[in-house]
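Trainee: Taken in sequence, the protein lines are chains A and B. If you use the working numbering, the first sequence corresponds to residues 1 to 383, in order. If you use the working numbering, the second sequence corresponds to residues 384 to 714, in order.
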Amino acid sequence: LRNLQTFLYGAAVVMSARTYADFTTQATFEIKKCDLFKLDEAPATQVVMTRDEGLQYYRTMQTMRRMELKADQLYKQKIIRGFCHLYDGQEACAVGIEAAINLTDHLITAYRAHGYTYTRGGTVKEIMAELTGRRGGIAKGKGGSMHMYCKNFYGGNGIVGAQVPLGAGVALACKYQENNQLCVCLYGDGAANQGQIFETYNMAALWKLPVIFICENNRYGMGTSVERAAASTDYYKRGEFIPGLRVDGMDVLCVREATRFAADHCRSGKGPILMELQTYRYHGHSMSDPGVSYRTREEIQEVRSKSDPISMLKDRMLSNNMASVEELKEIDVEVRKEIEDAAQFATTDPEPPLEELCNHIFSNNPPVEVRGTNPWSKLKSVS
Amino acid sequence: QNAVSALRRREFHRSVTVRDALNQAMDEELERDERVFLMGEEVAQYDGAYKVSRGLWKKYGDKRVIDTPISEMGFAGIAVGAAMAGLRPICEFMTFNFSMQAIDQVINSAAKTYYMSAGLQPVPIVFRGPNGASAGVAAQHSQCFAAWYAHCPGLKVVSPWNSEDAKGLLKSAIRDDNPVVFLENELMYGVPFEMSEESQSKDFTIPIGKAKIERQGNHVTVVSHSRYVGHCLDAAAVLAKEGIECEVINLRTIRPMDVESIETSVMKTNHLVTVEGGWPQFGVGAEICARIMEGEWHVSSQTSCSTQRLQSVQNPMQKFKFCMCLREVPD
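1) How about residue 90 of chain A and residue 179 of chain A: do their beta carbons lie closer than 8 Å?
2) Check the Cβ-Cβ distances between residue 149 of chain A and every residue of chain B, and say whether any is below 8 Å.
3) In angstroms, rounded to a whole number, what distance separates the CA positions of residue 352 of chain A and residue 645 of chain B?
4) Starting from residue 474 of chain B, trace the beta strand (DSSP E) both ways and give me its first and last residue.
5) Can you tell me the Cβ-Cβ gap for residue 190 of chain A and residue 293 of chain A, rounded? I've got them flagged as a contact below 8 Å.
6) Is any heavy atom in the ligand FMN found nearer than 7 Å to the beta carbon of residue 271 of chain A?
7) Counting only beta-carbon separations shorter than 8 Å, does residue 287 of chain A have a partner in chain B?
8) Leaving aside the five residues before and after residue 540 of chain B along the sequence, list all residues of the same chain whose C-beta is less than 6 Å from its C-beta, in chain order.
9) Between residue 497 of chain B and chain A, is any beta-carbon pair separated by less than 8 Å?
10) Nearest to residue 278 of chain A by CA position, among A:226, A:288, A:117, A:49, is which residue?
11) What does the Cβ neighbour count give for residue 161 of chain A, buried or exposed, with the cut at 16 atoms within 10 Å?
12) Grab me the residues of residue 397 of chain B's own chain with a C-beta within less than 7 Å of its C-beta, minus the 5 sequence neighbours each way, in chain order.
13) Tell me which same chain residues have a C-beta within less than 6 Å of the C-beta of residue 163 of chain A, skipping the five on either side of it?
14) List, in order along the chain, the chain A residues whose C-beta lies closer than 7 Å to that of residue 487 of chain B?
15) Just verifying my parser: in three-state terms, what is the DSSP assignment at residue 33 of chain A?
16) Check whether the Cβ atoms of residue 632 of chain B and residue 594 of chain B lie closer than 8 Å to each other.
17) When burial is assigned at 16 or more other CB atoms within 10 Å of the CB, is residue 453 of chain B buried or exposed?
18) Kindly indicate which residue of B:656, B:561, B:528 has the alpha-carbon position closest to the one of residue 666 of chain B.
19) For the candidate residues B:616, B:483, B:635, whose alpha-carbon lies nearest to that of residue 628 of chain B?
20) Give me the Cα-Cα distance between residue 587 of chain B and residue 608 of chain B, rounded to the nearest whole angstrom.
21) From which residue to which residue does the beta strand (DSSP E) around residue 187 of chain A run?
22) Go ahead and label residue 590 of chain B buried or exposed: buried means 16 or more other beta carbons lie within 10 angstroms of its beta carbon, across all protein chains shown.
23) Take residue 457 of chain B as the anchor and find which of B:409, B:495, B:485 has the nearest alpha-carbon.
24) Give the residues of chain A in contact with residue 492 of chain B, contact being defined as C-beta atoms less than 7 Å apart.
25) Using a Cβ-Cβ distance cut-off of 8 Å, determine whether residue 536 of chain B contacts chain A.
26) Straight-line CA distance for residue 66 of chain A to residue 101 of chain A?
27) If I measure Cβ to Cβ from residue 326 of chain A and keep anything under 7 Å in the same chain, skipping five residues before and after, which residues do I get?
28) Using beta carbons (cut-off 8 Å, strictly below), is residue 368 of chain A in contact with chain B?
29) For residue 372 of chain A, which three-state DSSP category applies?
30) Using a Cβ cut-off of 8 Å (strictly closer), state whether residue 111 of chain A contacts chain B.
31) Using the beta-carbon of each residue, which ones in chain B are nearer than 8 Å to residue 290 of chain A?
32) At the 8 Å Cβ level, is residue 470 of chain B part of the contact set with chain A, yes or no?
33) Counting only Cβ pairs nearer than 7 Å, list the residues of chain A close to residue 560 of chain B.
34) Alpha carbon to alpha carbon, how far is residue 433 of chain B from residue 512 of chain B? Give it in angstroms, no decimals.
35) To the nearest angstrom, how far is the alpha carbon of residue 249 of chain A from that of residue 93 of chain A?
36) Indicate the three-state DSSP secondary structure (helix, strand or coil) for residue 406 of chain B in the structure shown.
Structure follows, in structure tokens:
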């Protein structure tokens, strides 16, 4: 029996090896042109994607998708509470951007941040445990959905628009330290009308900071559609004196090429550049929003069927013989398992202990006493 | 030989204005640490709106001393972002009244981040500038923000009085890995003080969180911060002629407040007067009184204890000359 098992296993390996050798290692794709503002050159429209890249993008996007859907489930079970802003539908943005920059570059975004936490190096386990507020969370349970951090990822920011000057500040540090790094600074169509963003455009352009401003335009700022919020919905032109690109944010290759173009622009010392990614979120603004009072179910369905980023990538890979249906299904199964395990951890891991409530108020400080809810209650704070 | 040593001693005690003390502090810290830089309106080519940063741009150049456009919210956010990415910015507000434009960045982006990130993301930044009343600048330019900023955990709030305070505390603030709100006072900038030899050293720092007893006394504890410490000392001199000995405490730091020093003093004197430039309601004096009433002294005191607050008149126009009424405080 064991010999049979070994034989069958060996045969399966040989079979798969033979099948993988049949796949195309890379293919060229024609992608949508970007709309340009104050730019003479444009990102490439003929792009090459390798099989490995495709599989990696697929796996990452699928992981993000399933992670968000699992968060939805846990939220409805009241295991996740508080704010929860889900990113499903917008995966191509996070994956495409990361594909064009290095982990040594910097990135900052607003509160719809779970996807970026993942692409910047957080694990699904840490992210989910942070959502459930447990000690194994990426911020030890003290930040929650909107305040996740990892190396060169500055969150996760709750105040709409506040992350944009922060991002320019990170870029200033890059320029100051002459390390050839840049900062990707994301905000939404709603935030695009914040005054501090225009203050930031001015200073970034004046000082030629290496920052890529990216407006993730998912058509709705909470429940307000772009037509009802902005006198000009050409978000890529709102930088006025900053060159801009409008990009199909549902196509991971479009996002990647545009980001590559933008990164070259920054690294060559030309200063900031602005990208508008046209994208869509399937969920409402947050878990407390069904998302259908200000838009139609038909619209959501149309985007899902015609422009879903994961389906688009899958179709591309299958029609170019870059992967098999089984292979992609196998990835789905692995992803599902990873998410299940992470959810299991996130549900069973204990909450941070009360003794740690007041830690991390100050950095590099000797331990202090912190007043509790009454004058006789003293808690300890360690850096 | 005595004459020579006396002369030598006199040389080492220099008279330095608060402005120059702040300037020295920044100069020394800019020199010491490459990551330190100054940004704000008019800090570079104008030499500082109040000349506090005089000469620094000439010495260190555009990279280390940066003139910003009039965009408080924007440049405060940029300063915080730079701190997050490893630099050590000094962000100047021309006056703290304008910091209200940027207060979200100070509180939500700077003060709270280390906690929310569970220690992953420190924010080593100093926000400095003149605070409180000046001379005839009217309501919108005269507010004291000590109470507002000191309300928030995650921030350190410092309020120096004399040159030694200014230099030692600013150097500590710059070297601190946390966000520090450094409240100066415009009317103090031109006031000279003797600075000891020790305080002229490049490594002279004053610890944040410790008050200083400027004058010893047994009859009444007078607690103050910033410019009003000087007023208290003047009043104490007057009262001393009447046989009332005031113990004058210079808070130096508003948050974390050195309540122990105040408590120790009040245990001795049983009388407390707080003196500040801010408004009374929900102010620094209110906090001190509350803490003392909750503390050891009130619990253990045999005699009836009295506390009084002196502060600026509770109206928007702080255009009046601030008047010290220590003598009128009921016994």
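All C-beta atoms, glycine included, are put in the ideal place defined by N, C-alpha and C.
Mentor: Judging by the given coordinates:
1) Result no, Cβ atoms of residue 90 of chain A and residue 179 of chain A do not sit closer than 8 Å.
2) Closer than 8 Å: yes.
3) Answer to the nearest angstrom: the Cα atoms are 36 Å apart.
4) In this chain, the beta strand (DSSP E) harbouring residue 474 of chain B covers 471-475.
5) The beta carbons of residue 190 of chain A and residue 293 of chain A sit about 16 Å from each other, so the pair does not count as a contact at 8 Å.
6) The ligand FMN is absent from the structure shown, which contains no ligands of any kind.
7) Not an interface residue.
8) Excluding sequence neighbours, residue 540 of chain B sits near 532, 533, 564, 637, 638.
9) At a cut-off of 8 Å, the C-beta of residue 497 of chain B has a neighbouring C-beta in chain A.
10) Distance check between residue 278 of chain A and each of A:226, A:288, A:117, A:49 places A:226 closest, using alpha-carbon atoms only.
11) The C-beta of residue 161 of chain A has 16 or more other C-beta atoms within 10 Å across all chains shown, which makes the residue buried.
12) Here the set comprises 578, 583.
13) When the five nearest sequence neighbours on each side are left out, the beta carbons in the same chain lying within less than 6 Å of the beta carbon of residue 163 of chain A are those of 108, 110, 157, in order along the chain.
14) The answer, in chain order, is 159, 162.
15) DSSP places residue 33 of chain A in coil when its eight states are reduced to three.
16) Contact annotation: residue 632 of chain B and residue 594 of chain B have beta-carbon atoms nearer than 8 Å.
17) Classification for residue 453 of chain B: exposed.
18) Of B:656, B:561, B:528, the residue nearest in Cα terms is B:528.
19) Minimum Cα distance to residue 628 of chain B is reached at B:616.
20) Between the C-alpha atoms of residue 587 of chain B and residue 608 of chain B there is a straight-line separation of about 21 Å.
21) Per DSSP, the continuous beta strand (DSSP E) segment holding residue 187 of chain A begins and ends at 183-188.
22) Classification of residue 590 of chain B: exposed, given that the 10 Å Cβ count is below 16.
23) Measuring C-alpha to C-alpha distances from residue 457 of chain B to each of B:409, B:495, B:485 identifies B:485 as the nearest.
24) Here the neighbours are 162, 166.
25) The beta carbon of residue 536 of chain B sits closer than 8 Å to some beta carbon of chain A.
26) Cα to Cα, residue 66 of chain A sits roughly 24 Å from residue 101 of chain A.
27) Result list for residue 326 of chain A: empty, nothing under 7 Å.
28) Yes, contact with chain B.
29) Shown here, residue 372 of chain A sits in coil according to DSSP, grouped into three states, outside any helix or strand.
30) For residue 111 of chain A, the answer is no, since every Cβ of chain B falls outside 8 Å of its Cβ.
31) What residue 290 of chain A touches in chain B: nothing, since even the nearest Cβ is about 29 Å away.
32) Yes, residue 470 of chain B counts as interfacial toward chain A.
33) Correct list: 363, 364.
34) One alpha carbon belongs to residue 512 of chain B, the other to residue 433 of chain B, and they sit about 10 Å apart.
35) Taking the straight line from one Cα to the other gives about 6 Å.
36) Residue state, collapsed to three classes: helix.
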